Each structure stands twice: as structure tokens, then as C-alpha cells.
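Position 78 (the sequence shown) corresponds to 78 in my numbering; numbering is contiguous. Built from N, CA and C at the ideal position, the CB exists for glycine as well. Just so it is clear, the structure is predicted and the values come from calculations on it, not from any experiment. Below: the structure, in C-alpha cells.
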Amino acid sequence: MLGLQVRVQDSLVVGIINGLINGYIAYMHFEPMGVVPVSINLVRHEQITVWGEAITLTFGLGIILSLITSKLFLCHLGKAYPEALPQMASSFWADLVPIALKHSAALFGWLTVLALLWTQYIGKVMVSAYIAAVMVGMFAFFITLILEVRTKNSLLYKKVSVIELIEEHKAPN
């Protein structure tokens with residue numbers, strides 16, 4: 001469609017900023033605890049863990065970040081390629097919110113599975129508040145990279161029905 005590619009490098013600065021902010025917030029949250037469990041041997045519990053914070057961060061940050069990314073990216077594309085703007089998904093409720101929910105839910109699911117596998121095979125691990133905050137910051141960094149790239153790709157590339165393509169290219173009878 002456009003001579004534009006979505007690159008991970010374009011999201012590095014935003015990822016670093018998000019990682020630092022969320023790592024700092026996590027440190028302020030974890031500091032009074034001294035040591036923080038990465039996970040514990042129970043799936044359902046009330047205790048704060050690194051995986052629990054990361055999973056919560058995924059869905060909340062994911063939706064907000066995806067919506068902001070999509071609005072900014074569409075604004076950038078509108079300036080760079082004004083002729084392509086009518087073809088792009090730009091309705092907030094009909095296009096952008098479903099994209100944000102889809103990618104946030106997918107990442108939420110993946111992190112939940114990883115947390116369950118960690119709990120199953122590694123079990124309870126305790127780390128310092130600093131290490132726990134660094135881990136949450138790293139999760140935020142990777143969440144940002146993945147969501148930005150997936151959101152931008154969703155805005156640029158549309159899935160097309162093969163049947164519709166065949167119908168469009170049929171020779172008139």
C-alpha cells in the first residue's frame with residue numbers, strides 16, 4: 001500500500017521511556033517489601049509478585065499505549081500520505097479500540113501462560129526490590145515494543161478476502 005515499513009527500531013525510545021517510568025513506579029511499590037517474589041507456588045493468591053505486576057501492566061498499558069500509538073501514527077500517515085487517509089482505519093470505536101483490545105488481550109494471554117509455566121517449572125523465587133523493579137521495567141519495555149509494532153502493522157495492512165479478490169478480477173461475462 002505505502003512505501004513504509006514498521007520497524008522495531010522506531011519504538012526503542014518509547015520502550016526505554018516506558019520501561020524506566022514503570023520500573024521506577026514498581027520500585028516505589030516494591031521498596032517497602034524488601035524482597036519480592038517473582039512468583040509463588042499458587043495460581044490464585046493475594047500476594048504481590050513480579051509476574052502479577054507484569055500481567056496487570058500488560059493489559060492496562062497495552063490498551064492505553066495502543067490507542068495513543070494508533071492516533072499518533074494515523075496523524076503522521078495523514079501528513080505523509082494524505083491520499084491514503086480515506087483507505088485507513090480511523091474510526092476510534094469501530095477500528096482503533098478493537099485493535100487495542102485484540103493486541104492487549106493477546107499479549108495478556110501470552111504473559112499469563114509464561115507466568116503459569118514459570119510457576120509450574122521454577123516455582124517460588126525471591127528477589128530484591130531493585131531486581132523486581134528492573135524486571136517490571138523490562139516487561140514494560142518489551143510490551144511497548146510488541147504493541148507499537150503490532151498496532152502500526154494493523155493500521156497499515158488489511159486482511160483481504162481471497163474470494164473478494166477473485167470476484168473483483170473475474171472477467172465480465
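Contacting residues, own chain, Cβ-Cβ under 6 Å from residue i (five flanking each side not counted)
{"i": "residue 1", "result": "The pLDDT assigned to residue 1 is 47, lower than 50, so where the model puts this residue is not dependable; a value taken from the coordinates is nonetheless given after this. Counting only Cβ-Cβ distances below 6 Å, and skipping sequence neighbours, we find nothing."}
{"i": "residue 153", "result": "6"}
{"i": "residue 72", "result": "none"}
{"i": "residue 92", "result": "none"}
{"i": "residue 10", "result": "none"}
{"i": "residue 157", "result": "none"}
Candidates the options, of which the one nearest residue i by Cα
{"i": "residue 8", "options": "52, 151, 162", "result": "151"}
{"i": "residue 147", "options": "65, 158, 120, 132", "result": "65"}
{"i": "residue 122", "options": "42, 4, 97, 80", "result": "42"}
{"i": "residue 109", "options": "51, 86, 136, 87", "result": "51"}
{"i": "residue 159", "options": "127, 104, 134, 88", "result": "88"}
{"i": "residue 29", "options": "70, 133, 155, 105", "result": "133"}
{"i": "residue 98", "options": "81, 113, 70", "result": "70"}
Cβ shell of residue i (< 8 Å), same chain only, five flanking positions each side left out
{"i": "residue 49", "result": "36, 37, 38, 39, 40"}
{"i": "residue 125", "result": "37, 38, 39"}
Neighbourhood of residue i by C-beta distance below 7 Å, restricted to the same chain and skipping five residues each side
{"i": "residue 138", "result": "19"}
{"i": "residue 111", "result": "54, 55, 58"}
{"i": "residue 90", "result": "74"}
For residue j and residue i, believed in contact at Cβ under 8 Å, the rounded distance
{"i": "residue 23", "j": "residue 140", "result": "7 Å"}
{"i": "residue 117", "j": "residue 63", "result": "The Cβ separation is near 25 Å, so there is no contact."}
{"i": "residue 144", "j": "residue 15", "result": "4 Å"}
{"i": "residue 107", "j": "residue 67", "result": "That pair is no contact at about 14 Å."}
Which residues DSSP lists as bridging residue i, in chain order
{"i": "residue 39", "result": "125"}
Any non-hydrogen atom of the ligand PLP within 8 Å of residue i CB
{"i": "residue 68", "result": "Because no ligand of any kind appears in the structure shown, any question about the ligand PLP cannot be addressed here."}
*Those runs of the alpha helix (DSSP H) which lie wholly inside the region 109 to 170 and span at least 4 residues*: Those alpha helix (DSSP H) runs which fall completely within the region 109 to 170 and span 4+ residues are 129 to 156, 162 to 169.
_Please give the ranges of any beta strand (DSSP E) in the region 33 to 108, keeping only runs that are unbroken, at least 3 residues long and fully inside the region._
If we require 3 residues or more, the beta strand (DSSP E) runs fully inside the region 33 to 108 come out as 35 to 39.
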